[in-house]
Amino acid sequence: MNHPHEIRPDIAQGIDRKELSRLRARFLKLNQGRLARAMEGLSTRQQQVLTLLPLFFHVNHPLLPGYVSGSTPAGVSGFEPDPDLLAEAQRLTRSFTYRARHGNSPQPIHGLFLMGSLGTLAQAEQSDMDLWVCHAPDLGERALAELRRKCQLLEAWAASQGAEAHLFLIEPQHFVQGERDSQLSSDDCGTTQHYLLLDEFYRTALWLAGRTPLWWLVPVYQEHDYHAYTQTLLSKRFIRARDSLDLGNLAHIPPGEYVGAGLWQLYKGIDSPYKALLKLLLTEAYASEHPNVRCLSLAYKQAVFANRLDLDALDPYVMVYRRIEHYLQQRGEHARLERVRRALYLKVNKKLSGLARSRSGGWQRRLLARLVEEWGWDERQLALLDSRSQWKVRQVAVERRELVAELNHSYRFLTQFARRQNANSRADQRDLNVLGRRLYAAFERRAGKIEVINPGIAPDLAEDTLTLVQSPNRKEPGTHHWGLYNGNLGVNEWEHFSPLKRCRELLELLTWAHRNGVIDSSTRIALHPGASDLSEFELFNLLGSLQQAIPLPLEPVSEVRLLQPSVADDILLLVNVGIDPLRHHRDLNILMTTERTDSLSYAGVRENLVLTLDQITLNSWNEVLVHRYDGEHALVRCLRDFLNSLGQRSHRPRVRVRCYCHNRAQAIAQRVEEILDTLQLLLDQQLNHRYLLQVAQHTHVLELLPGQVTLATFDQHDAVLAALGEERGVYSPLHLDSNALQDHDLPLVLGQGQPGCIQVFYRLLDGWADLYVLDEHNALWQQRLPLQDEQHLLLPLQRFLQSTVVRRDALLPLDTLQQASLDITYQQLLPSGIGKARSLEPRLAPQDSPNQPYYEVQAILQAGAGDAVHVTLYCDQQEFSELEHGDQLYTMVARQILQQRRSAGSYRCYITDLDLSELLGDEQGSTSLCLRYKRELEQALNDGLEHVQALLEP
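Mapped onto the numbering used here, the consecutive letters of the sequence shown carry residue numbers 753 to 1706.
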């Protein structure tokens, strides 16, 4: 049934020009209401910017902002400034006199539109102005260059008036074809999306001047026939071409666009997580409806046609929320819906708790208050959210964990959707790769990398007073760790509180605190050094060195740098942190009486005073990494890794060496710095760095070799299988003796080996299954597992292999990525059941179901003392470490996983991601090595699961 005021301009029944005029007037009425709301939220000077911009594009005048030359394209279609606007311009520049255009003067500026959050529920004081400058298609290169320059000058003028403006040149004909006159940047989505960008434009754009969109006049039911309908409007002169511009329609969104849009929103989520979360979930909701999606812009247009012009109901952010609400309620995902409500509330940022509720606060606060009442939130919840500006580490860490989990969940849904649809993104591959690397640098965890915990959640994490404590580690007797606590706590007080952060080594803790702004120049720190030799003087200087080496905020990373693997830019080496080398020396009496000496061959007794080195690295992707070397071979291991990291590159990092220990600090730092200077000098002279290591080893300091992992196989042919599973550095074919493994499935598998890919083979048996993987170097990995079904067997392996490929790709230059990235293929051994396999059949890679979320379990391995390896697990973003849980680590993680499972069941726990970067250094670990660690970790995890389930049984 039609709405009584609905306009239905139908070609078959004859289009009424008056109805089209009324329809355009409705859009303009809405536009006027939203523009008034936008003005209400701007300062006087910002209002002036928005008011004057159309005039500046209409005339070229040397006294007006943005003037380039008299030949710069000027003239806005159908625009004529009114007396109030001219008076405003004259207040800005008294000598300005307007001369009206006469005759058929060119009007190359076809339309000016403000897009984004202005005039919406989410408009804030810091909201920027994104202006689309739609221009004629026939402008030459010189004219376009001048127009670009004009836009740059106007952006600078707006900034001087306190308004952040971004001006985009849009040529409608090229835009319809997906061609853009801009590169990917923090303010422009580049090629990652087109239709979703157009959808956002049509439902958020504020018309300022010029032609109005042709799309306004096309009924929703004619969207699929948009071209023919608009041609009829124009050819039969129902409307004039000079009154409208055409940016295209939304009859169909290619499925591949959802992936590009998802990547873009994840990138925006690095700095604006709440806004990005809303847009990402909207994209997910759209994808779930594909191919019958009805975009919000179409719902917006349908409401206008039906004369439903309620500004609150048609507010772009309210419409986004309602669509997401409907989508998540249908799926029964109430926890996710609550996160969306929090995101919307915090994005709007209009406080409603306590006294704030009584303020009038304008239309935004009134609209938000109605939503909050609808959600049933209480005063306590509002007070927590309203105190966000005072949130510190604990609250921010919890919020970040939930936000990142939600962003990952939504993006995972979109990538799975793309695989199901076999959808290729229309985005330029370079744009997607650059975005992928930005996300990797921002969110990917790995050993030694300092995690940034505050992606635009709270304005300031700095604490006034902190307590730094070294204490015995009860989970690992004989070792110590460092903790950072709130407030000024006495010797007997800190034990009764939980730390903000706990680390094995002091510099990891201090670097984390500095990088996240928890410690700044005004923070006072109470020190309890425990068994260490750390003094307040040394602590003060350590923090000063960190502030110098990692100046915050860091400069944005350029695309050029992201096209290459990350390299070290700045290295800070801190020697003997918290250690007095003379006090720890076995020849103390000799050393204390010696005047002149070499710190690396002290007092002629060949005693090395460099006992520990803490290396802090800031790399070209703005990642901060911490690595520790200790023991008598610390220096030579540090030199080895330093040389290996340089390789054959011409790039040389800036290296600072600092030492603040109680004795010989300056001499020690100077000696280490001399060695590093000499090494770099020799490298610059193109000497072989292997020879340099031999020279270093010749000084009677032996290089420590990494320990070997011993793994058992389930097969009786141990010797043959061990040889097949040996890790290789390059691809090598396998040749079996004709009598070897005669009754085994392996000869069939091994004959399929190919370079440059990961090949998975599996055989289904009675209640169990055999898995085989030939990695990129043709090394064999195998495992026998209980069989629940084929999906549960292969999906965990596919998730793990995909994450392994992502980590590998991050170490490659982007120009070689297309050729070097590894494909993952699957083949099934047949027949199933007992007996020898006789054939192989290709199978599609398993895919996650959008309605069956899984929990990410990431493992990070770090080298400890001797051959020890420390394990940290992250279960759906929540950290579980040996430092915290000791030998109960796997039991605690298993209990967490069990609590999160929606359905009962005894199915196994799996590792979905693994980082070995600290164990491997700069080497590229093979997939088979990762799989071997995966198997051992999963065995420990599932032993923990059995223990927990046994405790739960009645």
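The C-beta atom is built at its ideal place from N, Cα and C for all residues, glycine as well. It should be emphasised that the depicted structure is a prediction, and the values quoted were computed from it without experimental measurement.
Apart from the 5 residues on each side of it in sequence, residue 1591 sits with its Cβ closer than 7 Å to the Cβ of 1582 in its chain, given in chain order.
With a beta-carbon spacing of about 18 Å, residue 1052 and residue 1096 fall beyond the 8 Å limit used to define contacts. Exclusion of the five residues before and after residue 1573 leaves 1561 as the residues of its chain whose Cβ lies within less than 6 Å of its Cβ.
Taking C-beta atoms under 8 Å as the contact rule, residue 957 and residue 806 fail to qualify, at a distance of about 14 Å. Here the alpha carbon of residue 1098 sits roughly 30 Å from the alpha carbon of residue 1183.
If you keep only unbroken alpha helix (DSSP H) runs of at least 4 residues inside the segment 809–848, you get 835–844.
A direct Cα-to-Cα measurement between residue 1334 and residue 1262 gives close to 25 Å. Secondary structure of residue 1143 (DSSP, three-state): coil.
For residue 1243, the number of other beta carbons within 10 angstroms of its own is below 16, and it is reported as exposed.
Assigned with DSSP and collapsed to three states, residue 1594 falls in strand.
Remark: C-beta atoms of residue 1205 and residue 990 do not approach each other more closely than 8 Å. When C-beta atoms of the segment 1188–1208 are compared with those of the segment 1221–1237, fewer than three pairs fall below 8 Å, so the two segments do not count as touching.
According to the DSSP secondary-structure assignment, residue 1238 is paired through a beta bridge with 1218. Cβ contact annotation for residue 1092 (same chain, cutoff 8 Å, sequence separation greater than five): 1029, 1030, 1033, 1073, 1076, 1077, 1080, in chain order.
Closest in C-alpha terms to residue 771, from the list 1155, 1170, 971, comes 971. Judged by DSSP in its simplified three-state form, residue 1631 adopts strand. Around the beta carbon of residue 861, 16 or more other beta carbons lie within 10 angstroms, which makes this residue buried.
Per DSSP, residue 884 lies in no alpha helix (DSSP H) segment; the continuous beta strand (DSSP E) that holds it begins and ends at 881–887. By the Cβ-count criterion, residue 988 is exposed, with fewer than 16 other Cβ atoms from all chains shown falling within 10 Å of its own Cβ.
Here the C-alpha atom of residue 1248 lies approximately 11 Å from the C-alpha atom of residue 1237. Beta-carbon to beta-carbon, residue 802 and residue 794 are separated by about 7 Å, close enough to satisfy the 8 Å threshold. Judged by DSSP secondary structure, residue 1520 falls outside any alpha helix (DSSP H) and instead within the beta strand (DSSP E) spanning 1520–1526. Annotation for residue 1536: 1466, 1520, 1521, 1522, 1523 place their beta carbon closer than 8 Å to its own, counting only its chain and skipping 5 residues before and after. Nearest Cα to residue 1217 within the set 1527, 1680, 1241: 1241. For residue 861, the secondary structure class from DSSP, reduced to helix, strand or coil, is strand. Separation of the CB atoms of residue 1198 and residue 1669 is rounded to 5 Å, and the pair is thereby assigned contact status at 8 Å. Going by beta carbons, residue 1636 and residue 1623 fall outside the 8 Å limit.
Distance check between residue 1259 and each of 1368, 1163, 902 places 1368 closest, using alpha-carbon atoms only. Fully enclosed alpha helix (DSSP H) runs of no fewer than 4 residues occupy 1288–1301, 1311–1314 of the segment 1265–1334, in order along the chain. Beta-bridge pairing by DSSP links residue 962 to 863.
Shown here, residue 1005 sits in coil according to DSSP, grouped into three states, outside any helix or strand. When beta bridges are read from the DSSP output, residue 1371 appears opposite 1320.
Three or more Cβ pairs closer than 8 Å define a contact, and the segment 1375–1386 falls short of that threshold against the segment 1279–1293.
Under the three-state reduction of DSSP output, residue 947 falls in the helix class. By the criterion of at least three beta-carbon pairs nearer than 8 Å, the segment 1127–1142 is not in contact with the segment 1153–1162.
Per the coordinates, the alpha-carbon of residue 1575 lies some 11 Å from the alpha-carbon of residue 1558.
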